[in-house]
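Residues 1 to 241 in full-length UniProt numbering are what the sequence shown spells out, letter by letter.
We treat Cβ as the ideally placed atom computed from N, Cα and C, and that holds for glycine.
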Amino acid sequence: MCPVRRPSARPNQPTPPFNAPAARRLRAALGMGPEHVAYGMRSSYGLPHVTPELVVSWERGITQPSSPELTALAGVLWCSPGELVGRPRTLREHRISRGLAPEDVARGVGLELAAYLRMEESDTWRGNERQSVALADILELDLPDFVTVTGREARLADLLRSAVTTRWQAYVRPMGKTVPLDRGVLQVVLQELHREYQGQVVATLSWGGDSRETGDNGRDFLDRIVDHFWTTVETRAPRQY
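So, in structure tokens, the structure goes:
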């Protein structure tokens, strides 16, 4: 069998996170075989390189479709591109999952197209506060995704680790500059995370655990501190989440 070939992707343009099981499930639900999908992508979307073998390789997670291929595949399967994408993380992945062209996002946030594309390629958002709010609206970002896409997650993790291991009260104000949450909510969440972290350490020692076990428990909590933060926010202030 000859290897499947397709046009080369542009450099620095990673493919979106493809949800292979979803593609396979949607195809089966339509009663289509890989050959039907390939034919539809060739005839309706002008992608002559797509073969049944390539479709199967996508569904098995061996390869991932490029952005044009993903759009065409969604059209053939009668779904939105977002239904074929795993949880997006980057600016580009969020745009693709919404089925938007770069021009749409650049225009909506008030940026030159070239400037916006540079941000996508470097995965670094440099918009101001007004543009950041517009971006969240256009891409329908929830708060955790907004923090991640705008490059604030590393800063958030650092502040949270310091807050739970020292005096959490000192980090309410800097947290407010990083995450757009009400001050009262931040106080409740930081206090609870601090109590949970300190409680784990104390409980391990009181149960006769050695210092190595204590350290492992603490490191595991700190490694997942951002996830703990959003879970606590969702529990304590679901409206703001």
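What does the Cβ neighbour count give for PRO48, buried or exposed, with the cut at 16 atoms within 10 Å? exposed
Limits of the alpha helix (DSSP H) - the one that MET41 falls within: It spans 34 to 45 - the alpha helix (DSSP H) in which MET41 sits, taken as one unbroken run.
Quick check: the region 86 to 94 against the region 40 to 58, are at least 3 beta-carbon pairs closer than 8 angstroms? no
Measuring CB atoms only, is the region 134 to 142 touching the region 94 to 109, in the sense that at least three cross pairs come out at less than 8 angstroms? yes
Identify the residues that DSSP records as bridge partners of VAL85: which are they? PHE18
So what does DSSP say about VAL50, is it helix, strand or coil? coil
Taking buried to mean at least 16 other C-beta atoms within 10 Å of its own C-beta, is SER43 buried or exposed? exposed
In this structure, how does DSSP classify THR71 when only helix, strand and coil are distinguished? helix
What does a CB cutoff of less than 8 angstroms around GLN191 pick up in its chain, not counting 5 residues either side in sequence? TRP168
Measure how close the beta-carbons of GLY99 and PRO88 come, nearest whole angstrom, since I'm counting them as under 8 angstroms. The Cβ separation is near 12 angstroms, so there is no contact.
Cβ distance (whole Å) where GLY176 is taken to contact LEU186 below 8 angstroms: 6 angstroms
What does a CB cutoff of less than 6 angstroms around VAL172 pick up in its chain, not counting 5 residues either side in sequence? Closer than 6 angstroms at the Cβ level, and outside the excluded window around VAL172, lie LEU186 and GLN187.
Same chain only: Cβ atoms within 8 angstroms of PRO174, ignoring 5 sequence neighbours per side: LEU159
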